[in-house]
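Take any residue in the sequence shown, note its place counting from 1, add 528, and you have its number in our numbering.
Where a beta carbon is used, it is the ideal one built from N, C-alpha and C, also for glycine.
Have a look at the structure below, then the notes.
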Amino acid sequence: MDEKPSRSVFVLLTSHWLSMAGVALVTLAGFSWIFVLPASLGGHVENPYIGLLVFIAIPAVFFAGLVLIPIGIALGKRRVAQQLAALPDRRTALRRAGIFFAVMTAANVVIGSQLSYRAVEHMDTTQFCGQSCHVMKPEFTAHLMPPHQQVVCAACHIAPGTTGWLKGKMAGTRQLMEVIFNSFPRPIESALESNRLVSSTETCEQCHARQKYIGPRLRVTAKYQPDESNTRTETVLTMLVGGGALGGIHGAHMGPGVRIRYAAQDKKRQTIPWVEYRNTDTGAARTYLAGSGANPSLPVFEMQCVDCHNRAAHRFEDADRAIDQALADGQIAATLPFVKKTGLTLIQASYQNDAEAAQRIPEGLTGFYRQAYPDVAAKRTPEIQAAAAALLAIYQRNVFPDLKVTWGTYLNNLGHVDSPGCFRCHDGGHSTASGQTITQDCDTCHKAVAVEEPSPEVLKTLGITR
Ligand code: HEC
Ligand code: HEC
Ligand code: HEC
Ligand code: HEC
Ligand code: HEC
């Protein structure tokens, strides 16, 4: 009597090779999961591939198995009927089989929902997005820098809600295929280019209030010349950030009632022939045209935070500025002769891969001092080595030869010196029918208190000594 239900279950599960394969997969996935689970229970899986295995691969196998079982039973219907008919007490056997499948299904739903819940959770982590797949290495590396290192990738790249999530997963699947077939673009298009970004209301403005007034910000930057003594100068700007009804940079574009729309001619949105300004509070409305002017077929965008702060999360540096920063921080000793010029040449040179750069950048610097300044090379080895390490670190967080990401691949729109940035619109060339232009007046966005001065008086007055 007791062996009947197990026999009927056995009949059902073995009636077709597909259901047998299904049972094998479910069992395999179930056991594997139990074995790797302890490693992932702590919440943090340090190894991205274990995460991929535990949260994605195993659940995929598990569900595939679950689906195969009923398909197999359906396909093997005739054999099932024959074999069941041969059983002595068919009805009890079927009932027991029914109970068996009901219990197993309940158990599988519990395990399965656990698996899929964790898979969904895991897919929103920075580790999954940034580390599972090496094509994200540039952004993952740049994202480690403050202040947004705690803001997960999904916060900006996946819209909240089910539709946003589904869209994100569909795009993700397509990208996964591109990676598998090695057909993904190099460099990867920026997210503004492919319109894959969540609006700033749903991202930036969760943490930063649009209408907040931000007082003038003092911005001090040190520059080093490419001469023997790496001559240092400083530029002091007062950035008129403002905000809300008080105008300034933020208020002008994002203040109450303000709505700015623009049309872009290229995917990177660098050429902007049409800009519309509207203020529902004052009733003002102006349309500015430049170059080829309005063309109804161009895509139109509403201006938001990321039109200026496009590199808020993962910023790639300008080679020159990155070295200046390292010199100012003391990571590179500014007293090493020609270190700015030599360092810049070394990090801007092209290398086949990471390994070649890791060898040739340090060798290049030590070689330079051995040849040109033998006594410096002899006496200041630790400083030269530290400088070489700093140069290599700059290179490695900005250049990724295999992905064709190099200096200037991803522009920063916040400014106008390294790329057009603000001057995409504020170039004096965008004008209304009556000749009014979008201002390029040097004192509108910042007051230049000192420009490339060796020792700005204003810093002494303010007590800023560095
Ligand atoms: C605070 C918001 C924010 C966060 C967090 C963020 N990104 Fe982005 N990401 C952006 C914006 C904005 C762009 C578009 C930049 C542009 O078009 O110039 C972008 C672009 C990209 C691109 C296209 C290539 C490029 O660099 O332009 C990739 C890939 C990318 N992000 C991956 C990631 C990954 C991986 C993470 C997490 C490690 C992440 N992002 C976190 C806002 C964010
Ligand atoms: C989860 C919260 C969060 C989100 C989302 C977020 N930020 Fe921030 N942001 C912060 C914090 C925290 C700081 C650091 C504040 C500080 O250091 O005073 C910061 C700092 C900044 C700064 C100052 C940077 C600096 O170098 O001083 C800018 C600019 C900025 N955020 C812009 C943005 C933009 C643009 C977005 C959307 C693309 C965004 N943030 C999304 C939390 C967030
Ligand atoms: C028109 C371009 C533009 C837009 C649009 C814009 N910003 Fe800014 N923002 C700037 C500039 C320029 C600065 C000053 C940068 C500096 O100090 O060097 C700044 C500074 C900031 C800072 C740093 C303030 C500080 O304390 O130093 C934060 C935070 C910030 N913006 C957030 C935002 C958010 C959030 C939005 C969208 C609601 C936004 N910005 C929209 C241009 C813009
Ligand atoms: C997409 C076009 C566009 C870009 C890019 C842009 N702006 Fe503007 N900006 C405008 C428009 C349009 C106005 C309002 C003109 C008007 O009043 O008719 C404006 C006004 C301003 C004003 C107020 C000017 C005044 O006369 O009071 C400031 C300040 C400003 N922008 C700063 C910036 C800064 C800083 C950046 C770059 C970080 C920037 N803008 C980038 C379109 C742009
Ligand atoms: C539409 C706003 C706007 C206008 C107009 C403008 N600037 Fe700027 N300027 C900026 C912003 C934004 C930055 C970058 C601040 C940052 O990097 O955070 C900047 C940076 C600079 C810097 C510092 C560059 C560096 O290497 O650090 C100088 C110098 C400068 N501007 C000069 C000028 C001059 C000269 C004019 C007049 C032709 C001018 N600016 C007009 C917005 C503007």
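| Asked | Found |
| --- | --- |
| Is V933 closer than 9 Å to P715 when the C-beta atoms are compared? | yes |
| When you compare each of S644, N941 and Q924 to I584 by their alpha carbons, which one comes out closest? | S644 |
| Below 8 Å on the Cβ atoms is my contact criterion, and I expect L765 with K975 to pass it. Report the Cβ-Cβ distance as a whole number of Å. | 7 Å |
| Are the beta-carbon atoms belonging to G600 and A549 less than 9 Å from one another? | yes |
| Helix, strand or coil, according to DSSP, for G991 in the structure here? | coil |
| Would you give the residue range spanned by the alpha helix (DSSP H) that V707 belongs to? | T690 to I708 |
| Which of helix, strand or coil does DSSP assign to G895? | helix |
| So, A621 versus L612, is the Cβ gap smaller than 9 Å? | yes |
| My parser needs the alpha helix (DSSP H) runs of 4 or more residues fully inside the region 830 to 868; what are they? | 833 to 836 and 847 to 857 |
| Between the Cα of Y923 and the Cα atoms of Q887, C950, G991 and R619, which residue gives the shortest distance? | Q887 |
| Going straight from the alpha carbon of V748 to that of E762, what length do you get? | 7 Å |
| Compare the C-alpha of C973 against each of A900, H944, G957 and R624 and name the closest. | H944 |
| Evaluate Q832 with the Cβ neighbour count: other Cβ atoms within 10 Å of its Cβ, from every protein chain shown; 16 or more gives buried, anything less gives exposed. | buried |
| Please say whether A682 and C657 have beta carbons closer to each other than 9 Å? | yes |
| Measure the alpha-carbon distance for Q853 versus E845 and round it to whole angstroms. | 10 Å |
| Could you tell me which uninterrupted alpha helix (DSSP H) segments, each at least 4 residues in length, are contained entirely in the region 883 to 966, listed from first to last along the chain? | 902 to 907 and 909 to 926 |
| Is it buried or exposed for T731, if we count other Cβ within 10 angstroms and need 16 for buried? | buried |
| Please confirm if the region 544 to 563 is in contact with the region 587 to 596, defined as three or more CB-CB distances below 8 Å between the two stretches. | yes |
| I'd like to confirm the pairing. Which residues does DSSP put opposite H650 in its beta bridges? | Paired residue(s): none; H650 is not in a bridge. |
| Going by DSSP in three states, Y645 sits in which element: helix, strand or coil? | helix |
| Taking the Cβ atom as the reference point for each residue, do D955 and A780 lie within a distance shorter than 9 Å? | no |
| CA-CA distance, S560 and I586? | 7 Å |
| Is R908 near T799, with beta carbons less than 9 Å apart? | no |
| Check whether the Cβ of H837 sits closer than 8 Å to any heavy atom of ligand 2, and report yes or no. | yes |
| What residues match up with M767 in a beta bridge as DSSP calls it? | R745 and H974 |
| Could you tell me the alpha carbon to alpha carbon distance between M632 and M651, rounded to whole angstroms? | 28 Å |
| Heavy atom of ligand 2 less than 8 Å from the Cβ of A841, yes or no? | yes |
| Closest to R745 by C-alpha separation, out of H778, S757, I639 and L725, would be which residue? | H778 |
| Indicate the three-state DSSP secondary structure (helix, strand or coil) for I562 in the structure shown. | helix |
| Rounded to the nearest angstrom, how far is the Cβ of E756 from that of P902, given a contact under 8 Å? | Not really, about 16 Å apart at Cβ, beyond 8 Å. |
| Mind checking whether W935 and Q876 have CB atoms under 9 Å apart? | yes |
| Once you ignore the five residues that flank E604 on each side, which residues in its own chain have a CB closer than 6 Å to its CB? | Note that residue 604 corresponds to Gly in the displayed sequence, not to Glu. So the list reads S543 and H544, once near-sequence residues are dropped. |
| Might you give, ordered along the chain, the residues of its own chain that have their beta carbon closer than 6 Å to the beta carbon of A862, omitting 5 neighbours on each side? | N758 and L855 |
| So, is N710 buried or exposed, given that buried needs 16 or more other C-beta atoms within 10 angstroms? | exposed |
| For M529, does the count of other Cβ atoms within 10 angstroms reach 16, so buried, or fall short, so exposed? | For M529, the predicted structure reports a pLDDT of 41, less than 50, and the residue's modelled location is therefore unreliable. The matter cannot be settled from this model. |
| Is M831 near ligand 1, with its Cβ less than 8 Å from a heavy atom? | no |
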